[in-house]
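Colleague: Numbering (our numbering), first residue to last: 313 to 399.
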Ligand SMILES: [Zn+2]
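#1: Hey, is residue 339 close to ligand 1, as in C-beta under 7 Å from one of its heavy atoms?
#2: With DSSP collapsed to three states, give me the class of residue 340.
#3: Quick one: using the 10 Å Cβ neighbour count with 16 as the cut-off for buried, is residue 380 buried or exposed?
#4: To the nearest angstrom, how far is it from the Cα of residue 387 to the Cα of residue 350?
#5: With a threshold of 16 other CB atoms inside 10 Å of the CB of residue 371, please say whether the residue is buried or exposed.
#6: So is the beta-carbon of residue 349 under 7 Å away from any non-hydrogen atom of ligand 1?
#7: Ordered along the chain, which non-local residues of its own chain (more than five positions away) have a Cβ less than 6 Å from that of residue 337?
#8: Is residue 336 near ligand 1 - that is, is its Cβ less than 7 Å away from at least one heavy atom of it?
#9: Can you tell me which of the three DSSP states residue 385 falls into?
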């Protein structure tokens, strides 16, 4: 095995893909659960993203009714499921 310039570094392998992008080729999610660029099955990732979205919505609802402890639990769960987008 040879190391090439375009081989991923160990640190790069630990960086998760941006939310909403294929972890293999970085293409944006489309309406299909199959990546339009590389053919990867994205359905499991989409299910996790949907759960994170629902947890964030529950957190916002809890915050809106003034229940901060529950809101923090929902947001922590959402962040465990899917790291928030970085600017
Ligand atoms: Zn892909």
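Virtual Cβ for every residue (Gly too), placed ideally from N, Cα, C.
Modeller: Reading off the structure:
#1: yes
#2: strand
#3: exposed
#4: In this structure, the CA atom of residue 387 is about 32 Å from the CA atom of residue 350.
#5: buried
#6: yes
#7: 349 and 350
#8: yes
#9: helix
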